[in-house]
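Here's the structure, in structure tokens; my notes come after.
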Amino acid sequence: MITVTINGKKITLQKPVTILEAAKIAGIKIPTLCHHEMIKAYGGCRLCLVEIEGVPRLQTACSQPVADGLIVLTETERVIEARKAVLEFLLINHPLDCPICDKAGECTLQNLVIKYGPAAGRFAEGKRKYLENYEDPLIVRNMERCILCAKCVRMCDDVQGASAIAITNRGAKSYVEPFSGGRFNCEYCGNCLTVCPTGAILSKMHKHIYRPWLIEKEVETVCSFCGVGCSMILQIRGNSIIRNIPKTNKLNSELLCNKGRFGYDYINNSNRLNTPLIKKDGQLQPATWEEALTYTANKLKEIKEEKGSEAIAGIISGRCTNEEAYVFQKFFRLALRSNNIDSSAGFAYAPAQKFLEKIFGQGVTANSIHGISNSDGIFVIGGDPAFVNPVLGLQIRSAYKKCIPVITVGYADGLRNFSSCQFVPNPLTETALLAALVSEIRDKKTLSGERPAFEEIINKVQRLTPRDISDTCAIALDELNEALAILSDMTNPSIIIGRDIVQTMNGHINLMLLAALVYLLNGRVYLMSELPNEQGLLDMGCQPDMLPSGRPLAIETFRRRCEEIFGAEIPSKPGLTFVEIIDAAFYGKIKALFVQGENVLFSLPNIEYVRNAIENLEFLVVQDIFLTETARIADVVLPGLSWAEKNGSYTNLERKIQFTKKAVDGHGMEQWKAIAELSKILGFDMNYSSEADIFSEIAKVSLLYKNLTTKDIIAGDCIWPYKGEPLRHDTHIGWLEVPDILPLMKKPEIGKIYCYKDACLFYAENSSRYSSALQSISPAPYVKISNALADRLSISTGDYVNVSTENRNITLLAKRDPHLPENIALIANLDDKGIFNIINWKLNHVIKTPILDGNEVIIKKIGGNNNPS
Amino acid sequence: MEKVLLKNIHNPLSADIDEYIKIGGYNSIYKAFEMTSAAVIDEVKISGLRGRGGAGFPTAMKWLFAAADPQKPKYLLCNADEGEPGTFKDRVILEKNPHLLIEGIVISAYAIGAEYGYIYLRGEYPNARDILVKAIKQAYEKNYLGDNIINKGVRFHLQVHCGAGAYICGEETALIESIEGKRGQPRIKPPFPVNNGLSLKPTVVNNVETLSNIPYIIEIGGDTYSKIGSPESPGIKLFSVSGHVKKPGVYELPMGTTLKEIIYNHCGGIRDDKKLKAIIPGGVSAPVVTPDKIDCQMDFVNLSKVGSMFGSGAVIVFDETVDIVKVCLRVAKFFEHESCGKCTPCREGVSWMRAIIERISSSYGLPEDLNLLMEVSNNISGKTLCALGDGASISVQSFIKNFRNEFEEKLRK
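Quick mapping for you: the protein sequence lines, in order, are chains A and B. Take the first sequence: its letters are residues 1 to 869, numbered as in the numbering used here. Take the second sequence: its letters are residues 1001 to 1413, numbered as in the numbering used here.
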């Protein structure tokens, strides 16, 4: 117990903190400019100088730890004189351009000068001059206003881990600059903007627009980009979002990523849909809502009657809210009587979760993101969390900095400097690697006996040693042994699983082996989620075989319960998954497709095939905010509202429910409202007055959300299990098969190059394509190839290459990458020159996911004379 | 008195290990390794040795703190970033007597239990670098460095790390940052390097001259050593004397030798027998003194009694021809150039002081400038992160206090 006296006030503390923190507890404010809770103390600005009894020199409160019996004075004449002196020093070179500075009104320096009074203006020399730097598309630097608190630099180094900026030069000539010079070569998280206390680092997006006192309202909401669901505050003037700032909370602290911070401008894109469109004479033409809805309803009715309910399918986007998803599935199941409902969550997130929940019970993936940095080890596979779920990625980086071991399997650029071991196995050999990890760890550890049936399965996994697989996987034996040693030491690691390990030929086996790993290491599972509400879609029953609350359609008691509440019968036959729907459309089995928010012609490979399938439909309705590639070939297009224009809730990957709130008005109709209207015309009434109305029904129907009120969610921390116990413990693993691993241990043929999707930091599926901010930093379509391959084909970074598969090819810019194996090429899915334009997919019949691995490509330098084999 | 630190330096081969061994070099290692490490620290404690880099912190106390810390590994860093204007004593040791330094480092490392060490060498000393690298190689060959030094099971590895021309890297925490590959800026203290230094492990940073005294202390014993020179701060000291004396250079003398003796006996008096005007007794961070202080003994205690500072023992002598305001400007320019920019008062204040002095010096000053200068310098003093700002402030103030009339003269023009 430590007792300190600050300004005569006695404070008792449990553990030693700094004087600044102790003062904060006591409600005493000490001014600071260079201090930030998230960053290590710096002691640079010297504003927090305080007097300590018995210490002749003034001490900085931000760095000085308290000791028992310390007597501190923070408001003496000497202290105030020191603060004034420091402020005078800061001002001598600071321009007095507050009237045109965007920071005015929320500038810490300005506020302090107002508090302590301006200096007499004794500085007769000319101020430091720097030109404002506009070279970057998103961030403006005004180094005249910089007070060199270095918060931006420390944020970038210590928290973001990007280390993109630094203080350049020395003494009074210092300034902050990116290492790359004019334009930033960074992750564009913009967290430097958050911490800058003056107007030195500004966002170009609201330059000369933002005035804090002209902000009319602030709306607390959730980011619409990925499954982390960062909280943010939208600042509104008129009907526009002027700025977007992070909210301080446990989930994302004060952090955002590039998409969350800058990407919101897609809602202002001039290509937004304003009015419904109906295809007449092969052309989409404006129509009234009434026309469009009646036409749609009649058409759906006609197909339902003529071809049967099974000929109708619905695809919803992971960007839709829980309320929309709930109404969507209800419309399909009850009004159209079809279970053909799925979303892109069905590609990997849903199958992975279902698979793991069948073994471990419901809620196995509901683990707090915040907890990652407190685990004793991290295992990442199947994607780059630092790019897919950036704020989750920061937890991994922060863990690594705390010396927690991180093992990354697969190419993950964002964790390159934050992994104890990182290896990219040979294409198609991940299963062999996982099997070896499982078998080795199994032999090292004693099984707990907690789940005997699953242990039996684990015991059946073939014995494979690192030596057996080292050559196949092309991973050095000592690296494998090192990783194994590190893994075996973990007792409660975070195991973070991405799409890429699921969407493979052996996806189901990989999941089984990962489950074994989770069991052996007592791990906590996190599934990377590329969209904000993939989890919500699952919980709402937007799956062909699941009802709301993630209960299988096959469980009759629950189905009956729902039917009672709905007052209508639910078809009992499971529907088709996303990929099955496409196949069925191709073969003419699906006649009508209703797409809400998804761009089918963008999110699946083999776009040509998908296009043929879609064009084969009799009737296509697209409800979206943009005229996407899919909408362009639709029969009816219904304009929806964007995430900022409607109320709703998202459930993030850790199963935290959060509200998104309406911030501005939009031109479309709420997606659920349009569907309810359609339903009404079709004879099934859904009378909801608002999103809250829908939510209360969800709380009634769903066992997961039982008795959950909007109040609970607004109060925050609405995390799994919401009220009481998780629901399904009834795990049975009779269906699990232990495959023969040996036949899977095929080494890829020498000389073949396999292409995979590259996770691009500035790009998040469809909507980022409509954000001009993200477009301005997004790279041109590219292919990443290894240095070895590039050398062999004499390709340099910046050369154009031709990348071709069996029958398609695209021209891309080449990027050399020293960390890639020679037989892997990475291509992002950017616009019409993305990887999905050239590769094919097959269906994994066990978990119904598209198989995206094993796509061979041939790379040729354009104008060059070479042969890759 | 026989030279200790400058022993054998006139031998052109003095930097060679064989020459050093010939005159009894590396004997103290054998003696020290027979003692316990605690006994070595004790001997240094009895000797009364204080740091020769400028701050004069008792060496043994630093060692005791680091030795008591249970964390491993420990580091011993030799501060060879000799950048204080007027100071050039370490250079003589580095270039002429590197093995004395290495011997001192090995004994000190043994005392504190350090297994790794760096000599942080001033970037502007390229010759010293070559000599040191060679000397370290020789020491490894003769088993005075390595995993099993003189087969006594003592492990210590030493490496040279070159600075890149920043004065601030002579500050121990900035020096550590620099070795870690970061921008050379001082850290906040606490924590102190003795507990959380290089890579946050216990680290002792000692000056070249301090470490070079260690073999001699071990050889003659702490008690005998403590009888040399001033009783309060005993020992032998290198004085770098520059400026307007007939024989500038590095002089090895006992602590407590008076300024008068140094200037008139050892350096042959003022150049051209002009009148003495001012003396900076301890490098430019030390306040300037007037000729009436010439009988002051040069040691940590007596110089502070006359309002100055012993510092690194760098005596800069100015004769009557010197324009004191220009000297003051030169000093201010130095500090402005070397301020790292981390803390506000030093970054902004020192550059402001320079601007005012520049104005006064070029006779464009305003009547209130002298007061303003004093106020600005007061506003720096005591508020900075490290001692650089304080040094600049104290130094400028001393020029005004001692030579106010010369400043006023400029203002009248």
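Where is the CB? At the ideal position from N, CA and C, for every residue including glycine.
Have a look at residue i and residue j and give me their C-alpha separation to the nearest angstrom.
i, j, result
"residue 683 of chain A", "residue 567 of chain A", "13 Å"
"residue 83 of chain A", "residue 19 of chain A", "17 Å"
"residue 268 of chain A", "residue 779 of chain A", "22 Å"
"residue 655 of chain A", "residue 198 of chain A", "37 Å"
"residue 746 of chain A", "residue 501 of chain A", "17 Å"
"residue 820 of chain A", "residue 424 of chain A", "7 Å"
"residue 485 of chain A", "residue 577 of chain A", "40 Å"
"residue 662 of chain A", "residue 638 of chain A", "20 Å"
"residue 1400 of chain B", "residue 1380 of chain B", "16 Å"
"residue 1344 of chain B", "residue 122 of chain A", "17 Å"
"residue 883 of chain A", "residue 352 of chain A", "Absent from the model: residue 883 of chain A. The displayed extent of chain A is 1 to 869, so no value can be given."
"residue 738 of chain A", "residue 591 of chain A", "39 Å"
"residue 1195 of chain B", "residue 1072 of chain B", "10 Å"
"residue 803 of chain A", "residue 863 of chain A", "13 Å"
"residue 868 of chain A", "residue 783 of chain A", "At residue 868 of chain A, the pLDDT of 44 sits below 50, so the modelled position is not reliable; the number obtained from the coordinates is stated separately. Computed Cα separation, rounded: 15 Å."
"residue 111 of chain A", "residue 230 of chain A", "29 Å"
"residue 1031 of chain B", "residue 1023 of chain B", "16 Å"
"residue 158 of chain A", "residue 165 of chain A", "12 Å"
"residue 851 of chain A", "residue 826 of chain A", "16 Å"
Which residues of chain A have a Cβ atom closer than 9 Å to the Cβ of residue i, listed in chain order?
i, result
"residue 1336 of chain B", "171 and 172"
"residue 1379 of chain B", "81, 82, 84, 85, 86, 88 and 89"
Tell me whether residue i is buried or exposed, calling it buried when 16 or more other Cβ atoms sit within 10 Å of its Cβ.
i, result
"residue 1 of chain A", "exposed"
"residue 1244 of chain B", "buried"
"residue 416 of chain A", "exposed"
"residue 120 of chain A", "exposed"
"residue 632 of chain A", "exposed"
"residue 601 of chain A", "buried"
Report the neighbours of residue i on chain B: residues whose CB is nearer than 9 Å to its CB, in chain order.
i, result
"residue 73 of chain A", "The premise fails here: residue 73 of chain A is roughly 15 Å from chain B at the closest Cβ pair, so nothing lies under 9 Å."
Chain B beta carbons: is any one of them nearer than 8 Å to that of residue i?
i, result
"residue 89 of chain A", "yes"
"residue 63 of chain A", "yes"
"residue 41 of chain A", "yes"
"residue 92 of chain A", "yes"
"residue 58 of chain A", "yes"
"residue 44 of chain A", "yes"
"residue 9 of chain A", "no"
"residue 49 of chain A", "yes"
Residue i versus chain B: which residues are under 7 Å apart at the beta carbon?
i, result
"residue 122 of chain A", "1372"
"residue 509 of chain A", "Those within 7 Å of residue 509 of chain A in chain B number zero; the least Cβ separation is about 44 Å."
Determine, using beta carbons only, whether residue i comes closer than 8 Å to chain A.
i, result
"residue 1196 of chain B", "no"
"residue 1411 of chain B", "no"
"residue 1188 of chain B", "yes"
Going along chain A, which residues have a C-beta under 8 Å from residue i?
i, result
"residue 1414 of chain B", "Lying outside 1001 to 1413, the shown extent of chain B, residue 1414 of chain B is not represented and no answer is given."
Any beta carbon of chain D sitting closer than 8 Å to that of residue i?
i, result
"residue 70 of chain A", "This model lacks chain D altogether, as its protein chains are A and B."
- If you measure beta-carbon to beta-carbon, which residues of the region 1339 to 1361 of chain B are closer than 7 Å to chain A? 1339, 1340, 1341, 1342, 1343, 1344, 1345, 1347, 1348, 1349, 1351, 1352 and 1355
- Residues from the region 124 to 139 of chain A in contact with chain B, defined by Cβ distance under 8 Å: 124 and 125
- Task: Select from the region 1381 to 1396 of chain B all residues with a C-beta closer than 8 Å to any C-beta belonging to chain A, and list them in chain order.
- Result: Listed by position, the residues of the region 1381 to 1396 of chain B near chain A (Cβ gap below 8 Å) are 1382, 1383, 1384 and 1385.
- Query: Given a limit of 7 Å on CB to CB distance, which residues of the region 561 to 572 of chain A reach chain B?
  - Reply: none
- Item | chain B contacts from the region 140 to 154 of chain A (Cβ-Cβ distance under 7 Å) | If you check each beta-carbon in the region 140 to 154 of chain A against every beta-carbon of chain B, the ones closer than 7 Å belong to 148.
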